[in-house]
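J.:
2 protein chains.
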Amino acid sequence: MMTAMSAAGADDADHAADEAARRSVPGAGGAWSTQLNALGGFIRAQRQLAQLSLREMAALTSVSNAYLSQVERGLHQPSLKVLHSIADALQLSTEQLLAQAGWVGATAAGPAAPEPAAGGVDTEAAIRNDPRLTPEQRAALLGVYRSFVDGDG
Amino acid sequence: MMTAMSAAGADDADHAADEAARRSVPGAGGAWSTQLNALGGFIRAQRQLAQLSLREMAALTSVSNAYLSQVERGLHQPSLKVLHSIADALQLSTEQLLAQAGWVGATAAGPAAPEPAAGGVDTEAAIRNDPRLTPEQRAALLGVYRSFVDGDG
DNA sequence: CCGCGTTGCTTGACATACTTATCGCCGGTG
DNA sequence: CACCGGCGATAAGTATGTCAAGCAACGCGG
Numbered sequence: 000m001m002t003a004m005s006a007a008g009a010d011d012a013d014h015a016a017d018e019a020a021r022r023s024v025p026g027a028g029g030a031w032s033t034q035l036n037a038l039g040g041f042i043r044a045q046r047q048l049a050q051l052s053l054r055e056m057a058a059l060t061s062v063s064n065a066y067l068s069q070v071e072r073g074l075h076q077p078s079l080k081v082l083h084s085i086a087d088a089l090q091l092s093t094e095q096l097l098a099q100a101g102w103v104g105a106t107a108a109g110p111a112a113p114e115p116a117a118g119g120v121d122t123e124a125a126i127r128n129d130p131r132l133t134p135e136q137r138a139a140l141l142g143v144y145r146s147f148v149d150g151d152g
Numbered sequence: 000m001m002t003a004m005s006a007a008g009a010d011d012a013d014h015a016a017d018e019a020a021r022r023s024v025p026g027a028g029g030a031w032s033t034q035l036n037a038l039g040g041f042i043r044a045q046r047q048l049a050q051l052s053l054r055e056m057a058a059l060t061s062v063s064n065a066y067l068s069q070v071e072r073g074l075h076q077p078s079l080k081v082l083h084s085i086a087d088a089l090q091l092s093t094e095q096l097l098a099q100a101g102w103v104g105a106t107a108a109g110p111a112a113p114e115p116a117a118g119g120v121d122t123e124a125a126i127r128n129d130p131r132l133t134p135e136q137r138a139a140l141l142g143v144y145r146s147f148v149d150g151d152g
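Chains A and B, in that order, are what the protein sequence lines are. The first sequence: position 143 = 142 (numbering that gives the first Met the number 0), numbered continuously. The second sequence: position 85 = 84 (numbering that gives the first Met the number 0), numbered continuously.
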């Protein structure tokens, strides 16, 4: 039930828009989760744009209509699961939702010192010889790998 | 409970690798233990890369070391708040973490086609062929490795 | 007027994210 | 040796996300 099939009722969206306008969020004055309100508003707008009711979207996302309602009004911060389901149901990319929420757009880093070399046979050896890994990265990756094989035997 | 061998060394890393994962999600099941392991492994690798202890990172992220430990071992799914804090502390972009967790990149609307990373196939092949790794571990390790060579250039 | 079906929203119970306190282990110092 | 301080991992407790059920308002047909 993740795949969007749309074509729900094709009633009239004017109603939905109207209702939303009337109920609009109290917003003004509350300086606390602006981001949540933005996210919720965005989701609500997109949902109405897709002409979905809360219950329809609930069915599509496997999330209860009740919780969707709360999320749309900025009363709760949805988890990644839910966020992803919503994005899927609305045929948006998760990144769009996250950007709306203001949660993406941070730093980036990455020093590199690649060097030409040739491969190996064992995984450990391959990691050690990998030219694209910095010494630190090698150590880290090796640590993860060894943690795996250590538990395995 | 499980094979408790502890791990204390400052520059030694081991542990993880657990297949006992029971997730009772009502409505729809999930196969995300793999993604959680990948995310956790990635975070741990990055933390070790930055030469941070769990407690140091806890101070940096305002998240308890205990919870960080569990996240790194794939026992819990961190919320956006926490994820963002971690990304910030490790000087990564939140997108990288999300991509690592597999939560972005496969939407119904977009063309889901991540590059197959043409080029140094040596290490990747070695990981894929390693008989000592379980499929889940393979996926996690591959994720970490690719995050290194891909996001860092 | 009535019921019937729809909409969005609120409440109370449960599962999960997260914290504070503690454990076992190791390295250094007296 | 005992003691201290750091490390990662665990146990029990608190906060928060999430669900199932029920409510008030609107529109439609009798």
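Beta carbons: idealized from backbone N, C-alpha and C, even for Gly.
When the Cα of L35 of chain A is compared with those of A:L51, A:L67 and A:R137, which residue comes out closest?
T.: Here residue 35 of chain A refers to the residue found at position 36 when the first sequence is read from its first residue. Comparing Cα positions, the closest option is A:L67.
J.: Measure the C-alpha to C-alpha separation of Q76 of chain A and L38 of chain A and round it to an integer number of angstroms.
T.: In the first sequence, the residue the question calls residue 76 of chain A occupies position 77. In the first sequence, the residue the question calls residue 38 of chain A occupies position 39. C-alpha separation (whole angstroms): 9 angstroms.
J.: Hey, is L38 of chain B's beta-carbon within less than 7 angstroms of any beta-carbon in chain A?
T.: Along the second sequence, read from residue 1 onward, the residue named residue 38 of chain B stands at position 39. Not an interface residue.
J.: Specify, as a first and last residue, the run of the alpha helix (DSSP H) that S84 of chain B falls within.
T.: Your numbering for residue 84 of chain B matches position 85 in the second sequence. Note, S84 of chain B: alpha helix (DSSP H), L79 to A88.
J.: Just to make sure I have the definition right: I need the residues of chain B whose C-beta is within less than 9 angstroms of the C-beta of S78 of chain A. Which are they?
T.: The sequence position of residue 78 of chain A within the first sequence is 79, counting from 1. What S78 of chain A touches in chain B: Q76, S78 and L79.
J.: The alpha helix (DSSP H) that contains L67 of chain B, what's its start and end?
T.: Translated into positions along the second sequence, residue 67 of chain B becomes position 68. Run containing L67 of chain B: N64 to E71, per the alpha helix (DSSP H) assignment.
J.: In three-state DSSP terms, what is D121 of chain B?
T.: Stepping through the second sequence from its first residue, residue 121 of chain B is reached at position 122. D121 of chain B: helix per DSSP, three-state reduction.
J.: Can you give me, in chain order, the residues of the segment 48–74 of chain A that have a beta carbon less than 8 angstroms from any beta carbon in chain B?
T.: For the segment 48–74 of chain A, which is checked against every Cβ of chain B, the residues closer than 8 angstroms are S61.
J.: Using a C-beta to C-beta distance shorter than 7 angstroms, which residues of chain B count as neighbours of A125 of chain A?
T.: Taking the first sequence and counting its residues from 1, one reaches residue 125 of chain A at position 126. Residues of chain B passing the Cβ test: D121, T122 and A125.
J.: Buried or exposed: which applies to Q50 of chain B, given that a residue is buried once 16 or more other Cβ atoms fall within 10 Å of its Cβ?
T.: Locating residue 50 of chain B in the second sequence gives position 51, counting from the first residue. Exposed: under 16 other Cβ atoms inside 10 Å.
J.: Give me the residue from B:A98, B:H83, B:A88 and B:S92 with the minimum Cα distance to L53 of chain B.
T.: Taking the first residue of the second sequence as 1, we reach residue 53 of chain B at position 54. Nearest C-alpha to L53 of chain B: B:A88.
J.: Suppose you measure from the CA of I126 of chain A to the CA of E55 of chain B; what does that come to, to the nearest Å?
T.: Along the first sequence, one-based indexing puts residue 126 of chain A at 127. Along the second sequence, one-based indexing puts residue 55 of chain B at 56. Each residue's alpha carbon lies about 28 angstroms from the other.
J.: Using the rule of at least 16 other Cβ atoms within 10 Å of the residue's Cβ for burial, across every protein chain shown, is D129 of chain A buried or exposed?
T.: As a working mapping, residue 129 of chain A is identified with position 130 in the first sequence. Looking at its Cβ environment, which holds 16 or more other Cβ atoms inside 10 Å, D129 of chain A is buried.
J.: Could you check if S84 of chain B is buried or exposed, using at least 16 other CB atoms within 10 Å of its CB as the buried criterion?
T.: Residue numbering aside, residue 84 of chain B sits at position 85 when the second sequence is read from its first letter. So S84 of chain B ends up on the buried side.
J.: Looking at the ligand GDP, does it come within less than 6 angstroms of D121 of chain B, judged from the CB to the closest heavy atom?
T.: The ligand GDP is not part of this structure, which contains no ligands at all.
J.: Starting from the Cα of E71 of chain B, find the closest Cα among B:F41, B:D121, B:Y144 and B:T122 and give me that residue.
T.: Your numbering for residue 71 of chain B matches position 72 in the second sequence. Checked all of B:F41, B:D121, B:Y144 and B:T122; the closest Cα to E71 of chain B is B:F41.
J.: Candidates A:L132, A:Y144 and A:E123: which alpha carbon is nearest T133 of chain B's?
T.: Stepping through the second sequence from its first residue, residue 133 of chain B is reached at position 134. Of A:L132, A:Y144 and A:E123, the residue nearest in Cα terms is A:Y144.
J.: Hey, out of A:G73, A:S61, A:A58 and A:V62, whose CA is closest to R43 of chain A's CA?
T.: The count along the first sequence starts at 1 and reaches residue 43 of chain A at position 44. Checked all of A:G73, A:S61, A:A58 and A:V62; the closest Cα to R43 of chain A is A:G73.
J.: Nearest CA to the CA of A98 of chain B: which residue from A:V81, A:E94 and A:S63?
T.: In the second sequence, counting from the first residue as 1, residue 98 of chain B sits at position 99. With distances taken between Cα atoms, A98 of chain B lies closest to A:E94.
J.: DSSP on Q99 of chain B, reduced to helix/strand/coil?
T.: By one-based count along the second sequence, residue 99 of chain B stands at place 100. Here Q99 of chain B sits in helix by DSSP.
J.: Within a Cβ cutoff of 8 angstroms, which residues of the same chain sit near S63 of chain B, ignoring the five residues on either side of it in sequence?
T.: Locating residue 63 of chain B in the second sequence gives position 64, where the first residue counts as 1. So the list reads A57, once near-sequence residues are dropped.
J.: Indicate whether L96 of chain A and L82 of chain A have their beta-carbon atoms separated by less than 7 angstroms.
T.: In the first sequence, the residue the question calls residue 96 of chain A occupies position 97. In the first sequence, the residue the question calls residue 82 of chain A occupies position 83. It is a contact, given that the beta carbons lie within the stated cut-off.
J.: In whole angstroms, what separates the C-alpha of A139 of chain B from that of Q47 of chain A?
T.: Within the second sequence, the letter at position 140 stands for residue 139 of chain B. Within the first sequence, the letter at position 48 stands for residue 47 of chain A. A139 of chain B and Q47 of chain A: Cα-Cα distance of roughly 38 angstroms.
J.: Apart from the five residues just before and just after Q45 of chain A, which ones in its own chain have a Cβ nearer than 7 angstroms to its Cβ?
T.: Mapped onto the first sequence, residue 45 of chain A falls at position 46. Cβ neighbours of Q45 of chain A beyond the five flanking positions: L89 and L91.
J.: Got a sec? Which residues, its chain only, sit under 7 angstroms from T122 of chain B by beta carbon, not counting five neighbours each side?
T.: Along the second sequence, one-based indexing puts residue 122 of chain B at 123. Within the same chain, T122 of chain B has close Cβ partners Y144.
J.: Once DSSP output is grouped into helix, strand and coil, what is the label at R127 of chain A?
T.: Position 128 of the first sequence, counting from 1, holds the residue named residue 127 of chain A. Looking at R127 of chain A - three-state DSSP - the assignment turns out to be helix.
J.: Excluding the 5 residues preceding and the 5 following Q69 of chain A in the sequence, name in chain order all residues of the same chain whose CB lies nearer than 7 angstroms to its CB.
T.: For the purposes of this step, residue 69 of chain A is taken as the residue at position 70 of the first sequence. Excluding residues within five positions, the ones whose Cβ falls inside 7 angstroms are H75.
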